[in-house]
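Going by the working numbering, the sequence shown opens with residue 1, and the numbers climb by one from there. For glycine and all other residues, C-beta sits at the position ideal for the given N, C-alpha and C. Everything numeric in this text was worked out from a predicted model, so none of it was measured.
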Amino acid sequence: MLEHVHMLVSEPERGTLAQAMQSLKQGGARRLGLGPWVPRPRSRRVTSPC
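Given below as structure tokens:
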């Protein structure tokens, strides 16, 4: 499963870089149907002593 993305972007014409990154992240999360409550795929609880 894809965990991260590498991108080359230029400076936004309007707003700050932080606002541009927030917008990119929100758009991607909406397209994938994700939210901050979704656990990372590799987060698993260990239940056995082995």
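Query: Alpha carbon of Gly27 to alpha carbon of Ala20, nearest angstrom; Result: 11 Å
Query: Helix, strand or coil at Leu8 according to DSSP, with G and I counted as helix; Result: coil
Query: Nearest to Leu8 (by Cα), restricted to the options Gly15, Leu24, Arg14; Result: Leu24
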